[in-house]
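One structure is given here, and the rest of the page talks about it.
Residue numbers (this note's numbering): 5 to 100.
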């Protein structure tokens with residue numbers, strides 16, 4: 005199934021990565037499309053992930069679903085062009 009289809013997030017090959025941050029849980033799910041079918045992660049369980057760090061990729065593109073804490077400030081909107089390791093997608097609320 006093509007990655008942009010709403011049911012692809014439950015029917016296609018997918019992997020999920022979650023990271024606890026001081027601001028809350030951040031989860032991203034890589035979803036393979038009809039052609040891709042190959043998902044690669046570069047991080048291991050328990051590894052610290054930092055801003056701009058490569059964490060994985062999907063061959064031939066596809067889709068990422070990103071789940072942020074509710075009080076995050078989302079900086080992009082549907083249709084915006086984003087560039088991996090360059091575009092800031094959101095700011096998490098700072099915890100003092």
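Ideal Cβ positions, reconstructed from N, Cα and C, are used throughout, including at glycine.
Test: residue i CB closer than 8 Å to a CB of chain C
i: residue 25; result: The structure shown contains no chain C; it holds only a single protein chain.
Exposure label - residue i; buried when at least 16 CB within 10 Å
i: residue 72; result: buried
i: residue 34; result: buried
i: residue 37; result: buried
Residues that DSSP places opposite residue i in a beta bridge
i: residue 61; result: 44
i: residue 28; result: 25
i: residue 78; result: 94
i: residue 33; result: 20, 69
Whole-number beta carbon distance between residue j and residue i, since they are thought to touch under 8 Å
i: residue 80; j: residue 86; result: 6 Å
8 Å Cβ cutoff met for residue i and residue j
i: residue 93; j: residue 70; result: yes
i: residue 46; j: residue 66; result: no
i: residue 61; j: residue 44; result: yes
i: residue 74; j: residue 27; result: no
i: residue 20; j: residue 30; result: no
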